[in-house]
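Enquirer: Handing you a structure now.
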Amino acid sequence: MKTIELVKYGPVIPVIVIEDINDAVPMAEALLAGGVKVLEVTLRTSCALAAIEMIANKVPDAIVGAGTLRTKSDATNAKLAGSQFAVSPGYTNEMGMVCKEIELPLLPGVSSGGEVMHANNDGYYFLKLFPAVAVGGINLLKGFSGPFSDVQFCPTGGVTVNSAPDFLALPNVPVCGGTWLTPKNLIENKDWAAITKLAKQASSI
Numbered sequence: 001m002k003t004i005e006l007v008k009y010g011p012v013i014p015v016i017v018i019e020d021i022n023d024a025v026p027m028a029e030a031l032l033a034g035g036v037k038v039l040e041v042t043l044r045t046s047c048a049l050a051a052i053e054m055i056a057n058k059v060p061d062a063i064v065g066a067g068t069l070r071t072k073s074d075a076t077n078a079k080l081a082g083s084q085f086a087v088s089p090g091y092t093n094e095m096g097m098v099c100k101e102i103e104l105p106l107l108p109g110v111s112s113g114g115e116v117m118h119a120n121n122d123g124y125y126f127l128k129l130f131p132a133v134a135v136g137g138i139n140l141l142k143g144f145s146g147p148f149s150d151v152q153f154c155p156t157g158g159v160t161v162n163s164a165p166d167f168l169a170l171p172n173v174p175v176c177g178g179t180w181l182t183p184k185n186l187i188e189n190k191d192w193a194a195i196t197k198l199a200k201q202a203s204s205i
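Heads up, the sequence shown is in the working numbering, so the first residue is 1 and it goes up one at a time.
Here's what the structure looks like:
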């Protein structure tokens with residue numbers, strides 16, 4: 001699989017932080033019930049890898065990937081846990097090469113023209129703009145469309161349900177990432193129905 005293929009499953013990829021391993025499966029099922037199939041579980045908690053493995057085994061209809069990859073071991077561990085793709089907040093040659101070696105499709109993060117060129121040089125043309133709003137958001141993506149007309153972006157970081165349609169209206173943005181589908185208060189309250197509702201809303205953007 002190539003990461004660009006993820007865009008055919010819907011306009012939004014949820015950026016998920018799992019604090020309690022017991023939330024992994026019901027959260028994944030709630031998102032899936034709302035039409036959101038691609039799930040990015042960030043490696044920001046101690047149970048993240050276990051959560052990825054659990055989702056991969058118990059929610060087979062989901063396409064689960066690992067986010068916040070920063071090191072070579074992150075990539076290796078994500079692959080072993082069952083990740084079908086990976087997302088990094090930035091880009092290094094080492095990250096790009098190790099993901100190719102272990103056949104883990106990578107969506108690398110960039111925030112400047114130089115970083116776009118760096119990733120392009122290693123063969124990556126579908127990139128995550130991060131943190132999207134902080135580094136220029138829609139105006140930056142419009143600016144990138146000229147010199148990088150063959151590059152597609154997934155803006156993540158500060159994107160909301162209200163701003164997502166404006167990002168997705170850009171010709172170089174086929175999908176965006178967002179944390180709003182899995183807010184902390186709903187997870188803590190185990191309000192899976194509310195998360196399904198948010199997922200349906202995101203799917204219809």
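C-beta atoms are modelled at their ideal positions from N, C-alpha and C, and glycine is treated no differently.
1. Hey, how far is the Cα of T3 from the Cα of L107?
2. Measure from the alpha carbon of A51 to the alpha carbon of each residue in G82, F153, T71, G90, then state which is nearest.
3. If we ignore side chains and look at the alpha-carbon of each, how far apart do K100 and V64 end up?
4. Can you tell me the Cα-Cα spacing of H118 and P89, whole angstroms?
5. Would you mind giving the Cβ-Cβ distance between L39 and I16, rounded to the nearest angstrom? I have them listed as a contact below 8 Å.
6. Considering only residues of the same chain and omitting the five flanking positions on each side of F167, which have a CB-CB separation below 8 Å?
7. Does the Cβ-Cβ distance between I205 and A169 come in under 8 Å?
8. For G178, which residues in the same chain have their Cβ closer than 8 Å to its Cβ, ignoring the five residues on either side in sequence?
9. Tell me whether C99 sits in a helix, a strand or coil according to DSSP, three-state version.
10. Given this structure, state the Cα-to-Cα distance separating K200 from M27, to the nearest angstrom.
11. From T92 to Q84, what distance separates their C-alpha atoms?
12. Could you tell me whether the Cβ atoms of L49 and L181 are closer together than 8 Å?
13. Under three-state DSSP, which class holds Q152?
Expert: With the given structure in hand:
1. Taking the CA atoms as reference points, T3 sits about 6 Å from L107.
2. Checking every option, the nearest Cα to that of A51 belongs to G82.
3. Rounded to whole angstroms, K100 to V64 spans 18 Å at the Cα level.
4. Our two residues, H118 and P89, have alpha carbons roughly 14 Å apart in a direct line.
5. Between I16 and L39 the Cβ distance is about 6 Å, and since that is below 8 Å, they are a contact.
6. Hits under 8 Å: A132, G137, I138, L141, P155, V159, V173, C176.
7. For the pair I205 and A169, the CB atoms are not nearer than the 8 Å cut-off.
8. V12, I13, P14, V15, T156, V159, T160, V161, A164, A202, listed in sequence order.
9. If DSSP states are grouped into helix, strand and coil, C99 belongs with the helices.
10. K200 and M27: Cα-Cα distance of roughly 14 Å.
11. Rounded to whole angstroms, the separation of the alpha carbons of Q84 and T92 is 20 Å.
12. Contact flag unset, no.
13. Secondary structure of Q152 (DSSP, three-state): strand.
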